[in-house]
Structure formats: C-alpha cells, structure tokens
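Note sheet for the following structure.
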Amino acid sequence: MKKKLTLAAALTAATVLSGAASAKTFVYCSEGSPEGFDPGLYTAGTTFDAAAHTVYNRLLEFKPGTTETEPGLAESWEISDDGLEYTFKLRPGVKFQTTDFFTPTRDLNADDVIFSFERQLKADHPWHQYVAGAAWEYFNGMGFPDLIESIEKVDDMTVRFKLKQKEAPFLANVAMPFASIVSKEYADKLEADGQMQTLNQQPLGTGPFEFVAYQTDAVIRYRAHDDYWGGKQKIDDLVFAITTDASVRYQKLKAGECHLMPFPNAADVAEMKADPNLKVMEQEGLNVAYLAYNTTQEPFDKVEVRKALNMAINKEAIVDAVFQGQATPAKNPIPPTMWSYNEAIEDDAYDPEAAKKMLEEAGVSNLSMKVWAMPVARPYMLNARRAAELIQSDFEKIGVKVEIVTYEWAEYLDRSKAKDRDGAVMLGWTGDNGDPDNFLHTLLGCDAVGGNNRAQWCNEEFNDLVLKAKAATDQAERTKLYEQAQEVFKREAPWATLDHSLSVVPMRKEVEGFHQSPLGDFAFEGVDLVE
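Note that my numbering numbers the sequence shown so that position 42 is 91, with each residue one more than the last.
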C-alpha cells in the first residue's frame, strides 16, 4: 500500500512545476474538501471535481468546454420512435482502474451500468442505503424514480432504458456526474467483505485518473490511469491541494506551488492578468446565486413577506462589493445566456420604504431571522459572508433583525435541505447540462423538495409547466413553457435571486490543454505542462 501523500509532500512536489522529465505532477489548489467520493450521493461541484471528473466516466460525456454531448462509455445509442426507449451500445475494451486496494478481473459491461443506476432507483437495493441517510439527491430531485420504468441488459455490451414518459433532456442528464458508472465487481467485493462504505472513501472507475489517497481537508492524490480508454494522460500525477482561502490560493499560484486555482478574489484579477507568469481564462458563467426562503415556515409562507424582503436587498451593492462588477444582478432563476431566459420579466425594485410598508400590511413586525452564509467560495458567490452582511444591513433598514449562521461545507449542504430548516439559505447553482430543466425542475420542482429545492417550494402551477416542458420535444414549445414558469417564479418569490457571475480561471503560463467549462467543473483530462 502506498503511503498517503502529506500536504508538505504535495507542496514540495508542486514547487517543481513540470516535475522531472520522466514524470509530471500537476497541482490544483482546490477550494474545499469533497463530501465523499461517490458522485451519486452529492450535488456539489467541489465533490464532482474530486470524483466524477477524475475517477469516473458516464455513458455520454460533455465535449470539453461545451454543453454538447458526445459518446463516452456508450459508443452509440438508439431512441425508439415513441421516445420511450434508449438503447446504449457500450464501448468494448474499457478497463477499470487497477489500484492498491482492488484489481479488476474484467472490462466494463452492462452489469456495471445497471448497478450504477439501480442502486439509486430501487429502495430495496442492497446499496440504496449503504451510506447512512443516502438520499440520492440529484437522481431523485430530477424525477428519475418516476421516469424510469426499467433498465434491461440486452447483452453484455447493450443496455436499454425504458421510460414512463418522454424526457427531452434525458441524454444530457445521463452525461451528468450523478450518472457516473461504478464497478459492480468492486462493489460486490466490498459487500462480501462487509466494507460497503469504502466505496465512498476509495473510489474506482474507468476515468482518466485513479485515486491514490486522501488526507482529510488537506490533499487528494491521483495518478494517471495507464489503461484509460481515452489514452493515458500527459500528466503522471494529479494533486488537489485543498486551500479554502482565495488569497492563499493566489499566493500559492504566484509562488509556483500550484498550477491552477478556482474562484479568485475579484480584487486580484487585474493583477493576475498583468503577471507574465500567469494567464487568465474568463467567460460568462452558466450560474445563479440565490437566497432561498423556507416557504413552509411562518412568516415566509406568505408571498407578501418574501416579496418585501426581496425589495429590501440592494443587489447592485452585492455585485459591487463581492464581485467588483464581475457579475450582474439576477432577476430570473436561470442565467441570461441560457435559452428560454425570459427577458420580459421585470425585477423587484430596490425600495426599502415600500418593503417596510408591505411587511406592515402583512401583519409582520419585530421579525428576527437567520441568513445562512456558505463557508466556501463558489463561482456564483465568491464571498458569502460579505454578501450576508450586506443583506443583514439591508434587512435592518426595514426592521428585520438578522443572525448570520454558517457550518462546514458538507454539513451546510446537508442541514440546509432539511424541511424544517429555519431562516433563508444562501446558495447557488452552475448548470450541469446546459438545459433549463437543470435549474427549474432540479432546484424548484416538487420532486426536489427536501433536497435541491432549498425553498421547500412545491407550486402546482409551476411544477406542471416544467414537467410539460421536460416531455416536449420541440424547443420552441419548451421555451414558451419555461418562460411561463419563470413568470410564476417571479410572482411567488420563493427565492431572492442575487447575481449571475463571470467565471474566472487563473493558471500558470505553462498549463496547456485546460478547457474552461460553461458547466463550472474543473476537469484535467488532456491537460499538460509545457515549458
């Protein structure tokens, strides 16, 4: 068994930027710790970067730098004329990783695909609750239990999904991290050994990098998968140096202790662009930041109260203070770069006096509430604490007292989805597949209550519109339905929409082959270091 890589060792390795001629080590200064290493269990980008985009693959993949799907573990597929059957032909000769903790005896086959989905689908599956409290949040929030009729093994290399109704974004959905394909052979061995939880601690897949070790909250180490079906990577070793403070990430980048970092402080970007040793990629983010009220709790169950609070938030001030202009105030729950964005909707005006009067008319006085602030930087919210402080000040102007609370990231995500959660939680989303469904149904649909739907908001009119849009095959028809859904959202105000941000990725000048993703992920397949 190889020894775990200590943080000091990781940073020492990192200072030799391109490594020895015989080996290349790439160090990524990541922003936080993963919740675990099974992508099906989680929804956070931090976790997907550490597991889904390194260790695993999916039936389809997104072309680097785009939202367009391409063949992955499935080399081809057919859709029945009625749109209810999807038959995937698997790529032959795909090898699972050989690690210090498991040696596979066979290639990828249909059993692995069926296992990966059925463990999430079937409540009586032996792996459905292998981790205490497993909620399969993404799978359930997207309505897959009500969508999938069956998953059938046609032969060793062919799998057929039978759906109960049409699902326009289905192919894009199976390219998402939660649909990563897990080794059934590895899972069977862990089950036989009574070590099922190890699957979430020592992942094993078909992806470009294989897991070596994780030192909690410090460093994750991977090495290139020698038999990767897409070709062995140009870098030999990949290190995630977990560095939660953006200023420290920047110092490490400048010092050559890491090659690439996410989510820089807005105030540092100009200096980064001027540094001859660095280069900076940027693009409009496919994202939104929001403050989700718990619409099942008094007085936030009243739309007038939610509207009043929204009118009290100075979003321009948040954009200026947190992003220094590298973001725009949000009025809709989907970003303006996404098709079906409803331009005609008017945002709630910033009007503290009108907000105060609306609260009084709703019979609400001396309101005290909690505002939850994320402990980590995300592309849609670089400094949640600062944003929460601005909201706290805004709410005080209308007589609302705010207590700001936070938790460690994994705990924050877990606690914030509780149906009886108190206060309003700050979160956000970067689209995972380029489809409006991934925002509107995934975050606000009735299926997602108790999971991704942090507002606990189940509105029949809204839900019917997004379900109809999912089943429609004509994009013009889907657009019309999504535009109507956005009107319902704005009228009912389950969130305060805060901002859509610019996505900025700084890196050392010798980094080549990195594709900035509109989906917000950090994937290092194809990356190289060139002097």
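All residues carry an ideal CB built from backbone N, CA and C; glycine is no exception. From a predicted model like this one, the values you see are computed outputs, not experimental measurements.
Under three-state DSSP, which class holds residue i?
{"i": "Thr479", "result": "strand"}
{"i": "Thr607", "result": "Because the chain here runs from 50 to 580, residue 607 falls outside it and cannot be looked at."}
{"i": "Ala183", "result": "coil"}
{"i": "Ser566", "result": "coil"}
{"i": "Asp577", "result": "strand"}
{"i": "Ala70", "result": "Because the pLDDT of Ala70 is 48, which lies under 50, any placement of that residue in the model is unreliable, and the question is left without a value."}
{"i": "Tyr271", "result": "strand"}
{"i": "Ser465", "result": "helix"}
{"i": "Met310", "result": "coil"}
{"i": "Arg527", "result": "helix"}
{"i": "Asp548", "result": "strand"}
{"i": "Leu108", "result": "coil"}
{"i": "Trp176", "result": "coil"}
{"i": "Lys225", "result": "Just to set this straight, residue 225 is Met in the shown sequence, not Lys. It is coil, neither helix nor strand."}
{"i": "Pro325", "result": "coil"}
{"i": "Asn189", "result": "helix"}
{"i": "Val553", "result": "strand"}
{"i": "Arg209", "result": "strand"}
{"i": "Lys450", "result": "strand"}
{"i": "Pro543", "result": "coil"}
{"i": "Asn502", "result": "strand"}
{"i": "Tyr135", "result": "strand"}
{"i": "Thr61", "result": "At Thr61, the pLDDT of 45 sits below 50, so the modelled position is not reliable and the matter cannot be decided from this model."}
{"i": "Thr455", "result": "coil"}
{"i": "Leu287", "result": "strand"}
{"i": "Asn77", "result": "The question names Asn, but residue 77 in the sequence shown is Tyr. Three-state result, Tyr77: strand."}
{"i": "Met360", "result": "helix"}
Starting from residue i and walking both ways along the beta strand (DSSP E), at which residues does that stretch end?
{"i": "Thr148", "result": "Run containing Thr148: none; DSSP gives neither H nor E here."}
{"i": "Asp350", "result": "Unbroken run through Asp350: none, as it is neither H nor E."}
{"i": "Asp204", "result": "197 to 204"}
{"i": "Arg435", "result": "Not the beta strand (DSSP E): Arg435 falls in the alpha helix (DSSP H), residues 433 to 445."}
{"i": "Ala338", "result": "336 to 341"}
{"i": "Ala123", "result": "123 to 128"}
{"i": "Ala262", "result": "258 to 264"}
Label residue i either buried or exposed according to how many other C-beta atoms from any shown protein chain fall within 10 Å of its C-beta, with 16 as the threshold for buried.
{"i": "Trp478", "result": "buried"}
{"i": "Glu259", "result": "buried"}
{"i": "Arg540", "result": "exposed"}
{"i": "Ala241", "result": "exposed"}
{"i": "Asp523", "result": "exposed"}
{"i": "Thr152", "result": "exposed"}
{"i": "Lys322", "result": "exposed"}
{"i": "Lys73", "result": "buried"}
{"i": "Ile163", "result": "buried"}
{"i": "Glu251", "result": "Per the sequence presented here, residue 251 reads as Gln, with Glu not at that position. It is buried - the Cβ of Gln251 has at least 16 other Cβ atoms within 10 Å."}
{"i": "Asp266", "result": "exposed"}
{"i": "Asn336", "result": "buried"}
{"i": "Asn415", "result": "exposed"}
{"i": "Pro325", "result": "exposed"}
{"i": "Trp388", "result": "exposed"}
{"i": "Thr292", "result": "buried"}
{"i": "Val297", "result": "exposed"}
{"i": "Val203", "result": "exposed"}
{"i": "Ala319", "result": "exposed"}
{"i": "Ile128", "result": "exposed"}
Is residue i near residue j, with beta carbons less than 8 Å apart?
{"i": "Ala228", "j": "Leu108", "result": "yes"}
{"i": "Ala473", "j": "Met407", "result": "no"}
{"i": "Ser566", "j": "Gly121", "result": "no"}
{"i": "Ala338", "j": "Arg503", "result": "no"}
{"i": "Thr255", "j": "Asn482", "result": "no"}
{"i": "Tyr179", "j": "Thr92", "result": "no"}
{"i": "Val560", "j": "Leu578", "result": "yes"}
{"i": "Met475", "j": "His308", "result": "no"}
{"i": "Ala516", "j": "Gln533", "result": "The sequence shown places Leu at residue 516, rather than the Ala named in the question. Contact flag unset, no."}
{"i": "Ala101", "j": "Pro218", "result": "no"}
{"i": "Asn158", "j": "Met206", "result": "yes"}
{"i": "Asp294", "j": "Ala361", "result": "no"}
Taking residue i as part of the alpha helix (DSSP H), name the residues at either end of that continuous run.
{"i": "Asp369", "result": "364 to 372"}
{"i": "Asn487", "result": "486 to 493"}
{"i": "Asn222", "result": "219 to 222"}
{"i": "Leu408", "result": "401 to 410"}
{"i": "Gln169", "result": "159 to 170"}
{"i": "Glu510", "result": "509 to 520"}
{"i": "Lys238", "result": "233 to 241"}
Since residue i contacts residue j with CB under 8 Å, what's their CB separation in whole angstroms?
{"i": "Asp570", "j": "Gly142", "result": "Not confirmed; about 26 Å, so no contact."}
{"i": "Lys466", "j": "Gly500", "result": "6 Å"}
{"i": "Glu331", "j": "Leu551", "result": "6 Å"}
{"i": "Ala366", "j": "Leu253", "result": "So it is not a contact: roughly 48 Å between Cβ atoms."}
{"i": "Met423", "j": "Tyr399", "result": "Incorrect: roughly 23 Å between the Cβ atoms, too far for contact."}
{"i": "Asp548", "j": "Val354", "result": "That pair is no contact at about 22 Å."}
{"i": "Phe193", "j": "Ile200", "result": "Not a contact, Cβ separation roughly 11 Å."}
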